[in-house]
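Visitor: Once you've had a glance at the structure underneath, I'll fire off some questions.
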Amino acid sequence: MNVTNMGRNFLFALALLCVTQTTIAQNFDWALLQGQWAESTDNKFGCRPDNLHHRFEASNDKKSLNFMLDRKWKVGTGKEVTQYSASILKAEANVLVISYGKDIGDLPPAMAEWELRFIGPGTYRWRSTSWPEGQYNTVIGVKCKA
């Protein structure tokens, strides 16, 4: 194989990879993110007025996800935020795998990367990617307003 053919094969493989990555991102149903959301634990009503509410905003290139909060909130690192972001690492039909940005403070690696799985109309669950497949935390996200 000469250098020209190797270069051509490399460019073809690179183009195929780019198309594949674009296709993966386009498979996610971005409409799932619309609306105002809240999270519930311990079987409490999620959409109650005293609970934190948020909106998801995906960037135009679908590489990042912003969480827009309805009030200041103290995250697990102790930092108070009204919004924070995550990089989108993977997108499937009803799942985003995200990695939180530094805007919420330093997180241990096991708590930085999460699977956001939509499990039905207006509901989602969280799973750290460091946990065994199928293991989720007790948080349930619910859509409060369209």
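The numbering used here runs 282 ahead of the 1-based position in the sequence shown. Positions of the beta carbon are idealized from the N, C-alpha and C atoms, including for glycine. Computed from a prediction, not measured in an experiment: that's the story for all the values here.
Skipping 5 residues on each side, what residues in its chain have a beta carbon closer than 7 Å to that of HIS335?
Guide: Hits under 7 Å: GLN318, TRP319, ALA320, ASP352, CYS426.
Visitor: Using 8 Å as the threshold, is the region 356–363 in touch with the region 322–335, meaning 3 or more CB pairs across them?
Guide: No: the two stretches stay apart, fewer than three of their Cβ pairs being nearer than 8 Å.
Visitor: Using CA coordinates, which residue listed in GLU395, ARG407, VAL421 is at the minimum distance from ASN376?
Guide: When each option's Cα is compared against that of ASN376, the closest is ARG407.
Visitor: Just mark GLU415 as buried or exposed, buried being the case when its beta carbon has 16 or more other beta carbons within 10 Å.
Guide: Looking at its Cβ environment, which holds fewer than 16 other Cβ atoms inside 10 Å, GLU415 is exposed.
Visitor: How would you call SER341, buried or exposed, if buried means at least 16 neighbouring beta carbons within 10 angstroms?
Guide: That one is exposed.
Visitor: If you count every other CB in all the chains shown that lies within 10 Å of the CB of THR302, and 16 or more means buried, which is it?
Guide: For THR302, the predicted model reports a pLDDT of 42, less than 50, meaning its position is unreliable and no value from the coordinates is stated.
Visitor: Find the nearest neighbour of LYS344 within the set MET350, GLN365, VAL379, judged by alpha-carbon distance.
Guide: Nearest option by C-alpha distance: VAL379.
Visitor: Can you name, in chain order, every residue of its own chain whose Cβ lies under 6 Å from the Cβ of GLU362, other than the five neighbours on each side?
Guide: Once the five neighbours on either side are set aside, the close Cβ partners of GLU362 are LYS354, LYS356.
Visitor: Could you work out which residue in TRP396, PRO403, TYR382 is closest to TRP413 when comparing CA atoms only?
Guide: Cα-wise, what sits closest to TRP413 is TRP396.
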